[in-house]
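Trainee: Line order of the protein sequences matches chains W and B. So the first sequence is numbered by this note's numbering: it starts at 7 and just counts up by one. So the second sequence is numbered by this note's numbering: it starts at 169 and just counts up by one.
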Amino acid sequence: MKTLDACKILDAHRGDAIVVCTMGAMNALDKLPLNPLTMACVPLMGGAASIGLGLALARPERKVFVFDGDASLLMELGGLVTISHARPKNLFHFVFNNSIQFAGLGNLETPGARSADLVAMAKACGYEAAQRIDALDDLESRMKGILAGPGPSFVEVVVEYDAPTLGTENPAVEMTDERFTRMGDEIRRIRHHLGCEAAVTA
Amino acid sequence: MSALAKENPMKQFSKHSVSAQAMVDAFKRCGIDYVTTVPDMVQIALHQLLNSGVSGLNVVHCTTEDQAIEVAGGLYAGGKNVAVIVQNQGLYAGINSLRALGLDSKVPLLFVIGQFGREFSNLGGNPRDSKRRVVFMLEPLLETLGVPYWRLEGPDDMGNVEAAWKSSRERSGPAALIVGHFVGW
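1) Listed from N- to C-terminal order along the chain, which residues in the segment 259-274 of chain B have their beta-carbon within a distance smaller than 9 Å of any beta-carbon of chain W?
2) Short check: CB of Gln-277/B to CB of Leu-269/B, under 8 Å?
3) Going by DSSP in three states, Ile-138/W sits in which element: helix, strand or coil?
4) Classify Trp-318/B as helix, strand or coil using the three-state DSSP reduction.
5) Are the segment 195-203 of chain B and the segment 36-50 of chain W touching by the rule of at least three beta carbon pairs closer than 8 Å?
6) Please state if the CB of His-184/B and the CB of Gly-348/B are separated by a distance shorter than 8 Å.
7) Should His-229/B be flagged as near chain W, meaning a C-beta pair shorter than 8 Å?
8) In chain order, what residues of the same chain have a beta carbon less than 6 Å from the beta carbon of Met-7/W, not counting five sequence neighbours either side?
9) Alpha carbon to alpha carbon, how far is Arg-188/W from Thr-182/W? Give it in angstroms, no decimals.
10) Please tell me whether Thr-207/W has its Cβ less than 8 Å away from any Cβ of chain B.
11) Assign Pro-39/W to buried or exposed, taking buried as 16 or more other Cβ atoms, counted over all protein chains shown, within 10 Å of its Cβ.
12) Please list the partners that Phe-186/W has in chain B, where partner means a Cβ-to-Cβ separation under 9 Å.
13) With a 10 Å radius around its C-beta and 16 neighbouring C-beta atoms as the bar for buried, classify Asn-249/B as buried or exposed.
14) Would you please verify whether the beta carbon of Leu-243/B is less than 8 Å from any beta carbon of chain W?
15) Helix, strand or coil for Thr-231/B? Go by DSSP, reduced to three states.
16) Strictly below 7 Å CB to CB, what residues from chain B border Glu-162/W?
17) Would you kindly work out how many angstroms separate the C-alpha atoms of Arg-296/B and Val-329/B, rounded to a whole number?
18) Find out if the Cβ-Cβ distance for the pair Ile-24/W, Ile-193/W is shorter than 8 Å.
19) According to a CB-to-CB cut-off of less than 9 Å, which residues of the segment 9-39 of chain W neighbour chain B?
20) Between Pro-170/W, Asp-11/W, His-19/W and Gly-21/W, which lies nearest to Met-32/W when the distance is taken from Cα to Cα?
21) Using a C-beta to C-beta distance shorter than 9 Å, which residues of chain B count as neighbours of Ser-159/W?
22) Compare the beta carbon distance of Asn-264/B and Val-302/B with 8 Å and say whether it is the shorter of the two.
23) What are the uninterrupted segments assigned as alpha helix (DSSP H) that are 4 or more residues long and contained completely in the segment 292-336 of chain B, given in chain order?
24) Helix, strand or coil: how does DSSP classify Asn-226/B here?
25) What runs of the alpha helix (DSSP H), each 4 residues or longer, lie entirely inside the segment 117-173 of chain W?
26) Is the CB of Cys-202/W under 8 Å away from at least one CB in chain B?
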């Protein structure tokens, strides 16, 4: 399953959900039409699920999707406990697992890629539901059921990865300034879209 | 040893404490409705009050300080007013999240940081003169990060809660309140 194809399915089912994306899923969502309720967690590997938790608690009337990565999840694995303890019924945590870090750049194997069971971890931590999906048609057919169930819900989406592009012919890639400002800009865009005031009290 | 210390050695330190209820009242005056936290030893009284469910503030318990900062960022994105309660060691552990959300993303964040490990002989003095690195490095580190801070060294400093909060909002960035001694019950 390609990450972009999986993102298209999730995007088609989001309705008015807020989406917090990171890593490969962020790059894929950037290829789809802009949604003002989407924000990227970048550059902050590991932070997407916790930002999603905060949004889910702040806006219980609205679904929140997190598009996480496998290595990103592992970086703050204790977040599974934090989320299950907070019990946000509106949080849907999709982890795009390609078992690779810097996919499409350097393709370094993720620790635990051949041994860690992310679904079992989510279940053990107390998520209401946890499942693994490795086929596109399966993802499409299960989405209504996933979204009908209570959160926090965990879905490991097994995806492919592209060949590495960094090497002797392409030895470096520069980060743009926008990569360091977009998260704040998108947080403020979400606040504006939700009608939040930036009032100073006290 | 003073007469007060002879009566009860711990009472001589009470002037360096603020009460948990006074802190909650100050948070409410700021409009804070959520706290994210990894517990801090010197703020146990505050944690107990928050966990009792009578404070009127929502508490999100996190397993790392990174998460406490990130959950606060998400709550802010959703329109909530948040304080992040950690100890000095926790701030050190969460610096990358502070960098990403507080500094690069310009999210207003109020950090309430307990001075874990501060020797009692330093109370009433300058925490920078503490013998313990975990204490004396906090303020210089915040200055390096460009995070303004206010000390909470006793009841006379209670106005600093509002000052730090207002700074975080007006500057759209992090500000810190440094709790110098055990919060009182």
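For each residue, glycine too, the CB sits at the ideal point set by N, CA and C. The structure displayed is predicted, hence computed values, not measured ones.
Mentor: Quick look at the numbers:
1) The segment 259-274 of chain B vs chain W, Cβ under 9 Å: Asn-264, Ser-265, Arg-267, Ala-268, Leu-269, Asp-272, Ser-273 and Lys-274.
2) It should be pointed out that residue 277/B corresponds to Leu in this sequence rather than to Gln. In this structure, the beta-carbon distance from Leu-277/B to Leu-269/B falls below 8 Å.
3) It is worth fixing the name first, because residue 138/W is Arg in this sequence and not Ile. Residue state, collapsed to three classes: strand.
4) Assignment of Trp-318/B by DSSP, reduced to helix, strand and coil, places it in the strand class.
5) Short answer: they don't touch.
6) Contact: yes.
7) Closer than 8 Å: yes.
8) If the five residues before and after Met-7/W are omitted, its C-beta is found closer than 6 Å to the C-beta atoms of Leu-142 and Val-165, all from its own chain and listed in chain order.
9) Near 10 Å, if we compare the C-alpha coordinates of Arg-188/W and Thr-182/W.
10) Unreliable positioning characterises Thr-207/W in this predicted model, as indicated by a pLDDT of 47, which lies under 50. The coordinate reading is nonetheless provided below. Yes, because at least one Cβ of chain B sits closer than 8 Å to the Cβ of Thr-207/W.
11) Answer is exposed; the Cβ neighbour count stays below 16.
12) Chain B residues near Phe-186/W: Ala-268, Asp-272 and Ser-273.
13) With 16 or more other Cβ atoms from the protein chains shown falling within 10 Å of its own Cβ, Asn-249/B counts as buried.
14) Contacts with chain W at 8 Å (Cβ-Cβ) include Leu-243/B.
15) For Thr-231/B, the three-state secondary structure derived from DSSP is coil.
16) Those do not exist, as Glu-162/W stays about 20 Å from chain B at its closest Cβ, beyond 7 Å.
17) About 21 Å.
18) Result no, Cβ atoms of Ile-24/W and Ile-193/W do not sit closer than 8 Å.
19) Cβ contacts with chain B: Ile-24 and Val-26.
20) The closest CA to that of Met-32/W, considering only Pro-170/W, Asp-11/W, His-19/W and Gly-21/W, is found on Asp-11/W.
21) Within chain B, no residue comes near Ser-159/W; the closest Cβ sits about 17 Å away, beyond 9 Å.
22) With respect to Val-302/B, Asn-264/B sits apart: the two C-beta atoms are not nearer than 8 Å.
23) Note on the segment 292-336 of chain B: whole alpha helix (DSSP H) runs with a minimum of 4 residues are 301-304 and 306-313, in chain order.
24) Of the three classes helix, strand and coil, the one that applies to Asn-226/B here is strand, per DSSP.
25) At a cut-off of 4 residues, the continuous stretches assigned as alpha helix (DSSP H) that sit fully inside the segment 117-173 of chain W are 124-131 and 142-154.
26) Cys-202/W counts as touching chain B.
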